[in-house]
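Protein chains in written order, with our numbering: chain A, 1 to 329; chain B, 330 to 405.
What follows is one structure encoded as structure tokens, with my remarks underneath.
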């Protein structure tokens, strides 16, 4: 355990400071080239740089490579490759909006390094009851996990700071769970993700200076999913992001098909004082944000705070679940 | 409103734990005899089928909870 402290500090420092230093440069370059989008939830027409995924991938990859240099484990290599391929899928989607099925299918292929490097254990661990060995089913789970996580994080990236703040909370919670389960190397890899998203949150928080775009949000999700698989904490990882899963679940159960989120009716409108309120449009999907503002309109910042409270609650449930892993009925 | 969503998250958590218990206690120990090399494939195939049924029940339960939440909001 002690020998992990120095590599961990180096990797975490690189994760945080590379994103902290690189993001303002990327923002300037994007603004100079006019690669910006309108922030639709601001009263004044505000243009925001997008995508900031490049700084996110640099932060994650450079820190994971440091861990891999100290501990050349195939599991870490698998996450490095999967994350990079997922980032490429996100960049393609940022440049040219693809159909609803493009991302899930392309992201399914991104799980190939995990399968090819055998960086998984086909036992699925559950709290209180132990584990179940499901070799074929587990391979399918690996293939599904990356697209699900990528799209789940992407679908919650609707308000200033929500995606990066949410990933920060979830990955800190998952890191604690991995340390509780004494999976230290993967726990450090998860901390790198947490510090990358924390550094990005500085620029993404309300009012945003940069949006992560599909490349950033999918990279966050794919890394999170990859860490869940190699750490054998799939169930705990899912619990830690339950608010985002609820968002996807509500969306899919109301739209009833897989569709690119930019193609659908906006589920929210604005009041005169520019708070967000639920739309009266029948065909608009139900989302977590729409649920939060169903009773009364809230400001963008207030909604973000509410989502973070839900994320902290889920994180606590995930940590309780990690403790329950050691208990057998 | 938030309290309702907190309850929804808690309900999902309980469903995950119960679903996991069903997987470990009932699906894990299942074995089906088959011809030679086919045996593990039959075993996994049946387990996949049962797991999919469980997921369907899980999603169905969540839909019921979601509808109940929306009815509650509409009535308030």
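Think of the CB as a built atom: it goes at the ideal place given N, C-alpha and C, for glycine as much as any other residue.
Here the structure is a predicted model, which is why all the values come from computation and not from measurement.
Report task. Pull up the CB-CB distance for residue 146 of chain A and residue 82 of chain A, whole angstroms please, since I reckon it's below 8 Å. Result -> 6 Å
Report task. Answer yes or no: does any C-beta atom of chain A fall closer than 8 Å to that of residue 346 of chain B? Result -> By this cut-off, residue 346 of chain B is an interface position.
Report task. Using a Cβ-Cβ cut-off of 8 Å, state whether residue 385 of chain B counts as contacting chain A. Result -> no
Query raised in the report: If you check the beta carbons only, do residue 89 of chain A and residue 349 of chain B fall under 8 Å apart?
Result: no
Report task. Apply the 10 Å Cβ neighbour rule to residue 352 of chain B and answer buried if 16 or more other Cβ atoms are within range, or exposed otherwise. Result -> buried
Query raised in the report: From residue 167 of chain A to residue 354 of chain B, what distance separates their C-alpha atoms?
Result: 33 Å
Query raised in the report: Excluding five sequence neighbours on each side, which residues of the same chain lie with their C-beta closer than 6 Å to the C-beta of residue 217 of chain A?
Result: Setting aside the 5 residues that flank it on each side, residue 217 of chain A is surrounded in the same chain by 153, 154, 157 and 163, each with a C-beta closer than 6 Å to its C-beta; the list follows chain order.
**Report entry** Sequence-distant residues of the same chain with beta carbon closer than 6 Å to residue 132 of chain A, five excluded per side
**Finding:** Within the same chain, residue 132 of chain A has close Cβ partners 124.
Query raised in the report: Under 8 Å Cβ-Cβ, which residues of chain E neighbour residue 242 of chain A?
Result: Any reference to chain E falls outside this structure, whose protein chains are A and B.
Requested in this report: Kindly provide the ranges of any alpha helix (DSSP H) runs that are 4 or more residues long and lie completely inside the segment 150–234 of chain A, ordered along the chain.
Outcome: 162–180, 184–204 and 213–230
Query - Stretch-stretch touch, CB-based, cutoff 8 Å, three pairs: the segment 113–124 of chain A with the segment 57–70 of chain A - result: no
Query raised in the report: If you measure from the beta carbon of residue 156 of chain A to each beta carbon in chain B, is any gap under 8 Å?
Result: no
Query raised in the report: Under a CB-based cut-off of 8 Å, is residue 373 of chain B close to chain A?
Result: Output row for residue 373 of chain B: interface = yes.
Query raised in the report: Measuring CB to CB, does residue 55 of chain A end up less than 8 Å from residue 19 of chain A?
Result: yes
Query raised in the report: Considering only the beta carbon of each residue, do residue 173 of chain A and residue 319 of chain A sit closer than 8 Å?
Result: yes
Report task. Check whether the Cβ of residue 129 of chain A lies closer than 8 Å to any Cβ atom in chain B. Result -> yes
Report task. Measure from the C-beta of residue 137 of chain A to each C-beta in chain B and report whether the shortest distance is under 8 Å. Result -> yes
Query raised in the report: Grouping DSSP H, G and I as helix and E and B as strand, with all else coil, what is residue 119 of chain A?
Result: Residue state for residue 119 of chain A is assigned as coil, using DSSP reduced to three classes.
Requested in this report: Could you tell me the boundaries of the alpha helix (DSSP H) in which residue 131 of chain A lies?
Outcome: From DSSP, residue 131 of chain A is part of no alpha helix (DSSP H) but of the beta strand (DSSP E) over 130–133.
Query raised in the report: Can you find a C-beta in chain B that's less than 8 Å from the C-beta of residue 235 of chain A?
Result: Taking Cβ atoms only, chain B reaches closer than 8 Å to residue 235 of chain A, which makes this a yes.
Query raised in the report: CA-CA distance, residue 228 of chain A and residue 293 of chain A?
Result: As the crow flies, the alpha-carbon of residue 228 of chain A is around 32 Å from that of residue 293 of chain A.
Query - Neighbourhood of residue 394 of chain B by C-beta, 7 Å cutoff - its chain only, sequence neighbours within 5 removed - result: Counting only residues of its own chain and dropping the five nearest sequence neighbours on each side, residue 394 of chain B has a CB closer than 7 Å to the CB of 337 and 340.
Query raised in the report: Can you list the residues of chain B that residue 299 of chain A reaches, using a CB-CB cut of under 9 Å?
Result: The contacting residues do not exist; residue 299 of chain A stays about 15 Å from chain B at best.
Query raised in the report: Does the distance from the C-beta atom of residue 199 of chain A to that of residue 311 of chain A stay below 8 Å?
Result: Cβ atoms of residue 199 of chain A and residue 311 of chain A: not closer than 8 Å.
Query raised in the report: Which whole-angstrom value is the C-beta distance of residue 322 of chain A and residue 177 of chain A, which I expect to be below 8 Å?
Result: 4 Å
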